[in-house]
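Notes follow the structure.
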Amino acid sequence: MKYRYTLLALFVLLLWQGVWAQDTSGVVRWEFSGGKDVLILHGQIKDGWRLYSTTMKDDLPNTRVTLDSSARTAIGKIEEKGQLEVRKDAALDNAETRVFEKNVDLVVHLKPGYTGPADLKGAIMYMAALRDSFVGPIEVRFKYGVGASGELVAKATGLQESASAANDLKKTSIHLNDPVNKCGGTGTENSKSQSLLGIFLLGILGGLFGLIMPCTFPMIPLTVSFFTKRATSRKQGISNAFFYGFCIFFIYVLISAPFYFLKASDTSILNNISTNIWLNIAFAVIFLVFALSFFGLFEITLPSGLTNNVDSKSSITSKGGIFFMALTLVIVSFSCTGPLLGTLLVGAISGGAVQLTVAMAGFGIALGLPFALFALFPHWLQSLPRSGSWMNTVKIVFGFVELALALKYLSNADLVIHWGLLKRETFFAIWILISLALALYLLGVIKFKHDPPPAKLSKGRMAIGAFFIALAVYLAPGVTNTKYANRALISGFPPPLTYSLYKSSGEEKGVEPTVINDYDKALQLAKAEHKPILIDFTGWACVNCRKMEENVWPKEDVRNLIKKDFILVSLYVDDKKSLPDSEQFLFTTSDGSKKKIVTVGDKFATLQSENFKNASQPLYAIISPDEKLMNYPVGYTPSVKAYAEWLQCGLNAFHGQQSATTAR
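Each residue of the sequence shown is one higher than the one before, starting from 36 at the first, in the numbering used here.
Below you can see the structure in the form of structure tokens.
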């Protein structure tokens with residue numbers, strides 16, 4: 036159903052207010068108004084159609100007015116005002132029908148002494164006909180509130196299109212391709228390629244770790260020996276081994292295929308996925324389960340029937356048989372690689388299908404290529420370490436890493452919904468405990484279920500244990516309220532400095548925005564102080580946003596420019612706080628699709644995508660108080676020098692514009 040608001044010109048008449056609504060069929064357009072103990076439902080009927088009366092029997096087409104829950108019995112008499120026609124309808128076996136054409140008023144009287152809920156909600160369920168065609172029952176919702184004088188006042192329901200609200204989001208004065216100064220630029224292409232490269236390397240790293248797991252590592256010499264000994268020639272053995280490696284790669288890439296069928300027309304859909312509260316909580320639970328699996332509490336496996344069925348086909352002496360051998364390895368090794376694969380999937384899924392394919396390609400290459408290389412150079416097998424207890428140690432270490440990742444995703448949900456459960460210092464304290472527990476395990480103090488009998492600690496294990504002790508020491512200042520609380524090496528992973536148990540105490544909190552989530556207030560301040568606006572499109576769960584805020588903004592050159600010369604407004608595109616009812620509306624995007632603007636995040640994500648054609652965060656833009664773009668926007672810019680130069684460029688453009696205006 037579509038609804039649109041009508042503001043009455045004479046708002047001083049407290050007894051009567053109307054709100055227009057349009058249902059999906061367009062057959063009847065309803066206006067709701069009210070008075071003392073009375074609801075008035077005015078229906079404008081489409082030409083040629085006839086609306087059935089409320090007095091029609093239940094077994095014939097009719098119109099009904101109902102109220103919700105406790106107010107259901109409050110309806111008294113319903114008057115119908117309009118040109119009522121009584122006629123025999125051949126389509127209904129010549130039954131007598133009572134219908135209205137053109138328009139009708141349904142005056143609903145409430146029973147005297149009604150003391151129901153403050154908001155009176157209900158619906159019209161109507162049926163209508165055009166010649167021999169019938170529609171309905173069609174539901175149109177309504178809501179009334181009690182006014183200052185005790186009268187019933189109609190309220191809007193549903194989301195309406197609003198021209199004024201849409202104009203607030205579409206800034207016609209911002210010309211993205213023609214800023215005042217031609218400097219800056221988001222670097223979208225470079226950042227995208229760097230992002231894909233990073234995802235690919237992450238996939239390779241995950242595959243290499245998967246390779247040394249107990250379920251896969253012992254398979255390397257066995258599989259290579261199988262190909263080299265069963266082949267009729269060395270060339271065939273190498274060919275089969277390479278094909279085996281390719282099949283492993285192909286199977287993992289195939290995992291990403293279903294994601295290409297997901298509809299993603301909304302530019303903010305990926306951001307919504309990555310910041311969805313329940314999805315982040317689900318990821319946290321998944322990582323916790325993976326951690327417990329690595330700790331040996333249980334084993335994650337695929338159904339044995341699937342494993343046996345695939346394994347039976349792998350004995351076929353053909354390329355098909357080799358493919359099923361590769362599939363068998365993927366399935367059998369799932370208990371070890373599954374958690375790693377899940378970690379990789381969660382990390383890449385918010386970037387879409389392409390990033391997922393790149394990640395899976397990296398994972399498949401790292402896992403499959405060694406089988407081919409060892410077949411090509413069989414003497415390398417002699418240099419491989421033997422299987423043993425060290426592989427169980429690797430699993431336990433990854434269990435602790437999974438715990439740390441679980442906390443990160445739980446923190447994302449906490450930040451977005453503002454629960455306040457995982458403040459920055461709490462997050463650091465838990466990570467410190469995880470680091471110390473991992474160090475104690477590596478040093479032999481803590482034991483797990485499948486650990487072998489005590490043995491002399493190797494130098495490597497002691498060195499890694501010492502590393503995690505050092506990490507805990509490095510993290511320790513994060514729980515303090517000092518200038519050392521900012522831990523640059525892990526910026527973006529903990530909550531921001533401002534999300535703290537301590538009250539803000541100045542410089543150690545970095546550069547704080549002049550305004551948060553209030554674009555109009557920033558405009559007012561900019562006009563009053565004659566300063567340009569630095570728009571910061573950010574997110575509560577945005578890692579690179581935190582890196583900029585903690586590693587770039589506090590630097591003297593940048594900090595002085597922002598504090599002295601700009602009105603800094605931070606707009607959170609993932610903020611789930613609901614907008615007031617009066618500010619929620621249905622927005623038509625530049626590509627013609629409809630988008631609901633319901634939350635603060637919806638509003639600012641749309642402001643970003645519509646005016647700056649970019650949906651990634653962070654994004655920074657400099658505009659004048661009259662909303663002219665000063666220079667090209669920029670995204671994540673870790674170089675302090677480059678970011679300061681960009682700020683100065685925008686500031687110079689603003690001063691140049693001011694001088695030109697004064698000269699005229």
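Ideal Cβ positions, reconstructed from N, Cα and C, are used throughout, including at glycine.
Less than 7 Å between the beta carbons of residue i and residue j, yes or no?
i: K112; j: H77; result: no
i: P567; j: S659; result: yes
i: K116; j: I80; result: no
i: N586; j: A501; result: no
i: E460; j: L569; result: no
i: A640; j: V604; result: no
i: A163; j: T101; result: no
i: E14; j: V134; result: Because residue 14 is not part of the residues shown, which for the chain are 36 to 699, the question remains open.
i: F463; j: G331; result: no
i: F572; j: L606; result: yes
i: D445; j: A319; result: Sequence inspection shows Leu at residue 445; the Asp mentioned does not correspond to that position. For L445 and A319, yes; Cβs fall inside 7 Å.
i: S199; j: E662; result: no
i: I602; j: A563; result: no
i: T624; j: K631; result: no
i: G702; j: F398; result: A query on residue 702 cannot be resolved here, the shown segment of the chain reaching from 36 to 699 and no further.
i: V546; j: R594; result: yes
Among residues of its own chain, excluding the 5 on either side of residue i, which ones have a beta-carbon nearer than 7 Å to its beta-carbon?
i: S350; result: Bear in mind that the predicted position of S350 carries a pLDDT of just 48, short of 50, making it unreliable; the figure below should be weighed with that in mind. Within the same chain, S350 has close Cβ partners G356.
i: F647; result: L211, L654, A656 and P668
i: K227; result: Low local confidence applies: a pLDDT of 49 at K227 is under 50, so the model's placement there is unreliable, and no value is given.
i: F329; result: P374, K430, I431, F433, G434 and E437
i: S526; result: R581, K582, E585 and N586
i: V508; result: none
i: T392; result: V288 and S291
i: K443; result: F528
i: L473; result: V432, F435 and F503
i: L475; result: I481
i: S613; result: V633 and T634
i: K611; result: I312, V451, I452, T634 and G636
i: L48; result: Its pLDDT being 28, under 50, L48 is placed unreliably by the model, and the measurement read from it follows with that caveat. Nothing meets the Cβ criterion.
i: V514; result: E460, F463 and A464
Leaving out five residues before and five after residue i in sequence, what residues of the same chain have Cβ atoms less than 8 Å from its Cβ?
i: D449; result: G455, L456, L457 and P530
i: A396; result: F235, G238, F284, Y287 and V288
i: W84; result: V62, V63, E136, A163, A164 and L165
Quick test of your reading: residue i and residue j, contact by CB under 8 Å. State the CB separation rounded to the nearest angstrom.
i: L204; j: L642; result: 5 Å
i: G219; j: L402; result: G219 to L402, Cβ: 42 Å. No contact.
i: D609; j: G627; result: Contact flag wrong, Cβ pair sits at about 25 Å.
i: I467; j: L510; result: 5 Å
i: D486; j: N447; result: Contact flag wrong, Cβ pair sits at about 33 Å.
i: F322; j: L471; result: Not confirmed; about 20 Å, so no contact.
i: V139; j: L86; result: 6 Å
Just to confirm my understanding: we take residue i, look at its own chain, exclude 5 residues before and 5 after, and list those with CB closer than 6 Å. What are they?
i: A688; result: V215, N216, M665 and N666
i: E680; result: none
i: C282; result: F358 and A361
i: K156; result: D103 and K178
i: C684; result: N216, C218 and N666
i: F277; result: A407
i: L686; result: D600
i: L682; result: L596
i: P96; result: Y87 and M162
i: H690; result: none
i: N225; result: For N225, the predicted model reports a pLDDT of 43, less than 50, meaning its position is unreliable; a value from the coordinates is still stated below. Nothing meets the Cβ criterion.
i: N521; result: E585
Look up residue i in the DSSP assignment and give the residues it is bridged to.
i: G495; result: Bridge partners of G495: none, in fact.
i: A164; result: R85 and F169
i: Y607; result: T573
i: F135; result: L86 and L119
i: V550; result: V604
i: I568; result: I602 and I658
i: L155; result: Y179
i: L145; result: I110
i: E174; result: M160
i: D140; result: H77 and K116
i: V365; result: Answer is none; V365 lacks a bridge partner.
i: A130; result: D124
i: V100; result: I159
Could you confirm whether any beta carbon from chain D is found closer than 7 Å to the beta carbon of residue i?
i: P529; result: Among the chains in the structure shown there is no chain D, since it carries only a single protein chain.
Heavy atom of the ligand GDP less than 6 Å from the Cβ of residue i, yes or no?
i: N521; result: For the structure depicted, the ligand GDP is absent and the ligand set is empty, with no information on it obtainable.
Query - Contained beta strand (DSSP E) runs [length at least 3] in the region 613 to 690, N- to C-terminal order - result: 620 to 623, 629 to 632 and 654 to 658
Report task. Can you check the region 443 to 527 for any beta strand (DSSP E) of at least 3 residues that lies completely inside it and give the ranges in chain order? Result -> none
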